[in-house]
Amino acid sequence: MLESVDDVNAVPLQSRLHPERRLAENRVPERSSGGHYEWSNDIGLPTEHACGGIAVGHRAAEESGHQRGAEKGLEEAVLGHDHWEDLLNALGKRREANYRDMIKEETDAPDSLLDRLVAEATGAAATPPADASRPAPQDQLDLSRDEWNALTAGRLPEPTREFAVRRGGLGLDGEQAEPWAALGAHIGGVVLADRLREVRALTGFRRYSPNGTLVPADTSRRRRWLPAVEVFGEGILLTLDEERLTEWENDDRVRAHVLGVRDDLDASFRKDQLAAAYGISLTPRYVLLHTVAHLLIRQLAFDSGYTTASLRERVYGRPEHGQYGLLIYTAAGDAEGTLGGLVRQGEAPHFAETLVRMLEAAAWCSADPLCAEHTGQGFDNLNRAACHACTLLPETSCETGNTLLDRALVVGSARVPGYFTDVLHASRESAAATATDATGAQE
């Protein structure tokens with residue numbers, strides 16, 4: 001029984017090979033957002049501008065290449081053994097041990113490998129260990145490091161057909177009026193991607209339940225490619241002020257607030273799946289950036305004309321990698337990509353106005369005060385002040401399946417200060433002053 005479709009927005013820096021071959025050679029790690037199909041996406045950025053990050057990935061692949069080759073050889077020997085089908089037909093019967101012993105004797109395959117291959121063939125959970133077919137989250141290839149390094153490089157690459165970026169801005173340099181001065185102090189920078197190349201590949205699926213054994217898309221385990229589709233699009237990279245962000249996330253109230261979300265995450269069966277997005281440990285930085293990404297997509301849907309389902313997020317919120325930004329992008333199925341409406345909305349002065357309107361909209365929800373004061377809602381109680389009326393997006397737009405969201409960390413609440421609380425207050429005071437002046441002029 002196959003149910004929902006997962007969408008995972010990994011954006012790796014890879015060479016310009018055919019998408020299916022590139023994904024196979026680089027072993028893009030599977031990450032799930034809660035259903036039974038596993039997808040990996042990437043946006044092709046030029047290798048020559050990977051800032052050394054891509055070389056780290058290749059060295060890691062070379063170091064483990066011999067080990068993977070030996071393991072794959074054992075897998076092929078087991079799957080091609082004359083008694084492999086007999087073993088599957090004898091599961092749970094007395095003959096099972098006999099067939100297993102014969103396969104082990106003739107292939108030197110360990111019990112752990114046999115258990116994993118049997119689990120993949122039958123869809124049952126693997127016995128030893130529970131996640132033997134899946135690398136631990138800390139061992140998975142982290143694609144976000146190379147992406148972040150390329151998008152924030154001091155010297156941006158020359159534009160090509162597949163990748164074209166340029167520095168943008170809010171146009172607030174030297175601005176003294178509020179709320180623009182406060183907004184400029186909280187934003188680190190803007191990078192506009194006029195051209196992005198995205199590859200989405202099916203890496204595997206799970207039978208019956210989301211925590212079942214991952215079955216590779218290549219069930220024969222003999223092919224060196226994966227089914228994939230290539231699309232082109234555009235995007236906006238928004239970064240926050242790193243110094244101000246670090247000061248905010250070190251606030252005791254902020255840390256205590258996110259600790260409650262972390263406790264719920266520890267109790268969720270999706271912890272390992274979500275770890276591929278937030279890194280070693282869930283931090284206030286990630287929840288803030290992820291929530292801002294959702295709010296910004298919703299606002300851009302009004303301002304740019306795109307539907308929310310056509311926009312995607314990529315959150316760069318790992319402190320261990322020095323990340324403090326987010327990418328909002330869109331992709332179309334034809335070779336021409338999209339028409340530039342999203343990038344145009346990211347140019348000055350439009351983007352500053354979009355951000356202020358986003359914060360004003362995020363300050364209230366039609367479900368408040370219930371939503372704003374919630375101590376756990378959504379899947380496995382992994383959200384706080386975030387519901388369908390104010391924050392959630394279509395599943396295809398979110399890399400974590402609409403979890404790990406909280407408006408309070410953006411605009412603030414009675415219990416926790418928000419990163420943009422000062423900007424929101426300045427906007428309200430400016431609006432009140434403008435209204436007072438207008439009333440006085442009429443009198």
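Residue numbers (the UniProt record's numbering): 1 to 443. Note that CB positions come from ideal geometry on N, CA and C, so glycine has one too.
Let me confirm a value: residue i is counted as buried when at least 16 other C-beta atoms fall within 10 Å, else exposed. Which label applies?
i: LEU393; result: buried
i: PRO179; result: buried
i: ASN89; result: exposed
i: ALA97; result: exposed
i: PRO349; result: exposed
i: THR391; result: buried
i: residue 444; result: Missing from the structure shown is residue 444; the chain here goes from 1 to 443 and no further.
i: ARG167; result: exposed
i: THR434; result: exposed
i: PHE163; result: buried
i: LEU23; result: In this predicted model, LEU23 has a pLDDT of only 39, less than 50, meaning its place in the structure is not dependable enough to derive any value.
i: ILE280; result: exposed
i: ASP252; result: exposed
i: ARG223; result: exposed
Kindly indicate which three-state DSSP category residue i falls into: helix, strand or coil?
i: ASP252; result: helix
i: ALA193; result: strand
i: GLN323; result: coil
i: THR239; result: strand
i: LEU295; result: helix
i: ASP351; result: In the sequence under discussion, the amino acid at residue 351 is Phe, which differs from the Asp named in the question. Reduced to three states, the DSSP call for PHE351 is helix.
i: THR307; result: coil
i: LEU245; result: helix
i: ALA182; result: helix
i: GLU38; result: With a pLDDT of 48 at GLU38, under the threshold of 50, the modelled position of that residue is not reliable, and the figure given next carries that caveat. Strand, per DSSP.
i: GLY341; result: helix
i: LEU282; result: coil
i: VAL261; result: helix
i: GLN377; result: strand
i: LYS312; result: According to the sequence shown, residue 312 is Arg rather than Lys. ARG312 falls in the strand class under three-state DSSP.
i: PHE269; result: coil
i: ARG357; result: helix
i: ALA301; result: helix
i: VAL229; result: strand
i: GLY73; result: helix
i: VAL78; result: helix
i: ALA414; result: coil
i: ALA275; result: helix
i: THR396; result: helix
i: LEU202; result: strand
What is the rounded straight-line gap between the Cα of residue i and the Cα of residue j?
i: ASP194; j: GLY341; result: 10 Å
i: ARG155; j: VAL199; result: 25 Å
i: TRP39; j: PRO216; result: Residue confidence for TRP39 is low, a pLDDT of 49 falling below 50, so the modelled location carries little weight; the figure read from the coordinates is stated next. Looking at the two C-alpha atoms, the distance is approximately 11 Å.
i: ARG314; j: SER397; result: 9 Å
i: LEU245; j: ASP111; result: 49 Å
i: LEU192; j: ILE297; result: 15 Å
i: ARG221; j: ASP82; result: 17 Å
i: LEU382; j: GLY80; result: 44 Å
i: THR403; j: HIS294; result: 11 Å
i: THR400; j: PHE379; result: 11 Å
i: GLY438; j: GLN345; result: For the record, residue 438 in the displayed sequence is Ala; it is not Gly. Between ALA438 and GLN345, the C-alpha separation is close to 29 Å.
i: GLY322; j: ALA121; result: 41 Å
i: LEU405; j: SER268; result: 15 Å
i: TRP225; j: THR291; result: 35 Å
i: ALA109; j: ASP218; result: 20 Å
i: VAL411; j: LEU359; result: 7 Å
i: GLY440; j: TYR324; result: 44 Å
i: SER413; j: GLN299; result: 21 Å
i: GLY53; j: ALA150; result: Confidence at GLY53 is low in this model, with a pLDDT of 27, below 50, so the placement of that residue should be treated as unreliable; the coordinate-derived value is given next. Spanning the two alpha carbons is a distance of roughly 9 Å.
i: PRO284; j: LEU326; result: 14 Å
i: ASP101; j: GLY260; result: 49 Å
i: residue 444; j: LYS104; result: Nothing can be reported for residue 444: it is not among the residues displayed for the chain, which extend from 1 to 443.
i: LEU117; j: ALA301; result: 45 Å
On the DSSP letters alone, give me the boundaries of the beta strand (DSSP E) that residue i sits inside.
i: residue 451; result: What the structure shows of the chain is the stretch from 1 to 443, and residue 451 is not part of that stretch, so it cannot be assessed.
i: GLU429; result: Looking at the DSSP string, GLU429 is not in any beta strand (DSSP E); the run it does join, the alpha helix (DSSP H), is 421–442.
i: ARG166; result: 164–167
Along the chain, where does the alpha helix (DSSP H) containing residue i start, and where does it finish?
i: GLU106; result: 95–107
i: ARG384; result: ARG384 -> no alpha helix (DSSP H), and no H or E assigned at all.
i: ARG145; result: 144–151
i: TRP84; result: 84–89
i: ASP116; result: A small correction: the amino acid at residue 116 is Arg; Asp does not occupy that position in the sequence shown. Run containing ARG116: 111–122, per the alpha helix (DSSP H) assignment.
i: VAL411; result: 408–411
Run the proximity test for residue i: is its beta-carbon closer than 7 Å to any non-hydrogen atom belonging to the ligand MG?
i: ALA414; result: Only the bare structure without any ligand can be found here, which leaves the ligand MG out of the picture.
(message) Taking contact to mean 3 or more Cβ pairs, one atom from each stretch, closer than 8 Å, check whether the stretch 219–231 and the stretch 167–181 are in contact.
(response) no
(message) Would you call the stretch 177–186 in contact with the stretch 415–435, where contact means no fewer than 3 C-beta pairs closer than 8 Å?
(response) yes
(message) Check whether the stretch 365–372 and the stretch 251–258 are in contact - that is, three or more C-beta pairs closer than 8 Å.
(response) no
(message) Under 8 Å: do the stretch 347–359 and the stretch 371–391 share three or more Cβ pairs, one atom per stretch?
(response) no
(message) Closer than 8 Å is the cut-off here; do at least three beta carbon pairs connect the stretch 423–431 with the stretch 305–312?
(response) no
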